[in-house]
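Residue numbers (the UniProt record's numbering): 1 to 333.
Ideal placement from N, C-alpha and C gives every residue a C-beta, glycine not left out.
Remember, predicted model here, so these are calculated numbers, not experimental data.
So the structure is just underneath, and the comments pick up after that.
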Amino acid sequence: STRPNPPQTRSLNRTQPAPNPPDLTTCDSAAFDPSLKRLDMAELAAATKNFSSDLIIGDGSFGIVYKATLSYGVTVAIKKLDPNAFQGIREFRAEMETLGKLRHDNIIKILGFCSSGVDRVLIYEFIERGSLDQWLYDEEQENSVGSLTLSWDTRKKIVNGIANGLAYLHGLDTPIIHRDIKASNVLLDSDFEPHIADFGLARQVKEAHSHVSTQVAGTMGYMPPEYREGNTAATVMADVYSFGILMIEIATQNRPNWPVRFEGKDVGLVEWARKMVAQNRQIEMIYQKIPTKELIEDEVKEYFRIACMCTNELSKERPVMSQVVELLSRISS
C-alpha cells in the first residue's frame with residue numbers, strides 16, 4: 001500500500017510573523033557537494049519564494065526548515081537559522097566546514113551554507129519520507145499520512161541505522177556529540193533508511209571522554225539523569241542514553257515524556273521498561289499493531305536488554321555506540 005510522503009518534519013502553525021527578507025548585498029557561501037551549482041542568498045530566496053511560510057516543512061533547533069527547488073532543478077531542505085544561534089561568522093564557517101565534510105549513509109548531508117549579513121542558511125539533502133516521529137504518531141490523527149504501521153523488521157533497520165550513524169559521529173578523530181537524538185531528528189528516505197538530522201546542538205568535543213560545559217541541550221524525555229541532576233557536561237554517553245530511549249520508543253510507540261500505566265500506577269518509560277523486562281513480558285511491550293507473528297521472542301528480549309544497557313542510570317556503565325552496533329548486528333535483520 002503506497003501512501004503520500006509526509007513533509008520532512010512536523011509542520012508549524014502558520015501564525016508566525018514572516019521572517020525579515022534576507023540581505024542580498026554580500027554573501028559568504030560554500031558548497032560541499034557538486035550537486036549545488038550556484039549558491040547565493042538570491043538563489044535561496046527565489047527557491048523558497050522569499051522564505052514563504054507555505055514551504056515550511058519543519059522547525060528544527062535554532063531555525064525554520066523549508067523545502068526548496070533550486071533554479072537548476074535540485075530539491076533541497078533549507079534551514080534559515082535564528083540570527084542569535086551562532087556567535088560570529090568565523091565560528092559559523094568553521095562549524096559548517098566541519099559538518100560539511102561528514103559523509104555517512106545514516107547522517108544527513110549538509111550540501112552547503114550561505115551567510116549574508118545576519119542571515120545564516122544551511123542547505124541539506126532533502127529526505128523523502130519525513131521524520132520518524134511522523135511515522136510513529138501521525139496515524140493517531142485523522143486524515144493524516146500515517147495509516148501504515150512500520151513493520152518490526154523496518155523498525156530494527158531504523159534502529160541499526162541510527163546506531164551506525166551515531167557510532168560514526170562518536171568515532172571521528174574529534175568526536176561529535178549530537179546532543180538532541182530523538183524521533184523528530186531522524187528522517188527516513190524512500191527505503192526507510194534513517195538519516196540523523198539537526199546538528200543544531202552538536203559541537204565538536206576535543207577527546208572521546210572529555211566534557212564540554214554548556215547550557216543543557218536536548219529534549220525532555222530523552223535527557224540522561226546526569227543532566228537532570230545539574231551535571232551539564234555533554235558526553236558521548238548522553239547520546240547513548242537518548243539512543244536507548246529511542247530504541248524503547250520505536251518498539252513500543254510510547255512517547256518518552258508521557259507516563260505509562262504499570263500495575264495501576266503511572267511510571268516513566270525507562271522504569272516501566274525495566275519492570276516489564278524483569279517480569280519477562282517483553283513481547284507485551286511491543287506496539288500492539290505489530291503482528292506477533294513478525295516477532296521472535298529471543299530477539300525481542302535481546303533488543304530490550306540492549307536498550308536497558310543504554311539507559312543505565314550511571315553513564316560509565318553504558319556501552320559505547322560501537323559496542324551497541326556490534327550487539328544489534330547479532331539480532332537477525
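Residues that residue i bridges to, as DSSP identifies them
i                 : result
alanine 77        : Lys67, Tyr124
arginine 261      : Asp266
proline 194       : Leu188
phenylalanine 113 : Ala30, Leu122
aspartate 59      : Ile64
isoleucine 107    : Ile196
Where residue i falls, given that 16 or more other Cβ within 10 Å makes a residue buried
i             : result
arginine 14   : Only weak support is given to the placement of arginine 14: the predicted model assigns it a pLDDT of 39, under 50, and the value that follows is read from those uncertain coordinates. With fewer than 16 other Cβ atoms within 10 Å, it is exposed.
arginine 129  : buried
glutamate 317 : exposed
glutamine 279 : exposed
glutamate 313 : exposed
lysine 109    : buried
alanine 197   : buried
lysine 289    : exposed
serine 329    : exposed
Cβ separation of residue i and residue j, assumed to be a contact under 8 Å, to the nearest whole Å
i                 : j                : result
glycine 221       : asparagine 185   : About 13 Å; that fails the 8 Å criterion.
glycine 171       : serine 53        : Between serine 53 and glycine 171 the Cβ distance is about 39 Å, and since that is not below 8 Å, they are no contact.
threonine 154     : phenylalanine 92 : That pair is no contact at about 37 Å.
phenylalanine 304 : valine 277       : 5 Å
isoleucine 123    : isoleucine 78    : 6 Å
serine 35         : valine 74        : 5 Å
cysteine 310      : valine 324       : 6 Å
CB contact flag (residue i, residue j, <8 Å)
i                 : j              : result
threonine 252     : tyrosine 287   : yes
alanine 94        : leucine 70     : no
isoleucine 158    : leucine 132    : yes
phenylalanine 243 : isoleucine 162 : yes
Helix, strand or coil at residue i [DSSP, three-state]
i                : result
serine 131       : strand
proline 319      : coil
tyrosine 303     : helix
isoleucine 296   : coil
phenylalanine 51 : coil
glycine 100      : helix
leucine 314      : coil
serine 151       : coil
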